[in-house]
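full-length UniProt numbering puts the first residue of the sequence shown at 1, with every later residue one more than the last. First the structure, in the form of structure tokens, and then the observations on it.
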Amino acid sequence: MSTGYIDEPPTWRLRKRHRQQITLGLVLLLLLATGAVGYAVYSGAIGGPAQVDVAKLPPCPPAAKVLTPESVHVNVYNATRRDGLAAKTANALALRSFAIGTYANDPKNERVAGIAIIRYGPKGSAAATVLAKHVAGAKLVNDKRKGAGVDLVLGAKYKSLKPLAQVTATPTSTPTCRVVTPTPSVTTSPTATAKVTAKATTAK
């Protein structure tokens, strides 16, 4: 009478067990390798910035003068039908230390379908660049004006200024030069030397 049980040959069972052991071993090795790579990335051993000997790097060139929001004169204009948008944005820029001139509806009545445009002239190129960092998606438009002031014209897709944390964030990178701090030179004038000598001579 058949019981439905198949008696497997001993050699077949041994080969099957051997294959299972190999598979289990490979899985364990893969898990260990994945864990090791993950720890190395987390600890910075791999995948992080390259280690650089700063002392061997060439000196950094003199830093150019950086224009700050305090030096940027901005007029804020509303090119939408949303009431109070220019005033609200001007107040937000003032809180970020921008020098606000005028806020009103766009005097040019320009249709701005995008987020915003920044109008500037040749003298206001740096100012426009500083302002653009705070208005994501703004389009720079050189209107050949003579002054250094800029106009921020808010468009239909404008919602708010870029978060300040994203504007001021400084990305970490591998240094390519070393900062050289000039050592102040101390010079003694002949007059000062004479006064010190005379004082030392007459001192009791």
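Glycine included, C-beta positions come from ideal geometry on N, C-alpha and C. This one's a predicted model, so the numbers in the text were calculated from it and none came from an experiment.
Ordered along the chain, which non-local residues of its own chain (more than five positions away) have a Cβ less than 6 Å from that of K162?
The residues are H134, A136.
Going residue by residue through the stretch 105-181, where are the continuous alpha helix (DSSP H) segments of at least 4 residues, counting only ones entirely within it?
Runs found: 125-132, 164-168.
Per DSSP, I100 forms a beta bridge with which residues?
Within the DSSP bridge table, the entry for I100 names V74 as partners.
Could you compute how far the alpha carbon of K157 sits from the alpha carbon of H73?
If I take the Cα positions, the gap works out to 24 Å.
In or out: R15 buried (at least 16 other Cβ within 10 Å) or exposed?
It is exposed - the Cβ of R15 has fewer than 16 other Cβ atoms within 10 Å.
Quick check: the Cα distance between K65 and N105, rounded to an integer number of angstroms?
C-alpha separation (whole angstroms): 34 Å.
Span of the alpha helix (DSSP H) holding L57?
Taken as a continuous stretch (DSSP letters only), L57 belongs to no alpha helix (DSSP H), as it is neither H nor E.
Straight-line Cα distance separating L24 from T11:
If I take the Cα positions, the gap works out to 20 Å.
Buried or exposed, going by whether 16 or more other CB atoms sit within 10 Å of the CB of V27?
Counting Cβ neighbours within 10 Å, V27 comes out exposed, since fewer than 16 surround it.
Tell me which same chain residues have a C-beta within less than 8 Å of the C-beta of G121, skipping the five on either side of it?
The residues are N142, D143, K144, R145, K146, G147, A148.
Should N109 be labelled buried (16 or more other beta-carbon atoms within 10 Å of its own) or exposed?
The residue is exposed, with fewer than 16 neighbouring Cβ atoms inside 10 Å.
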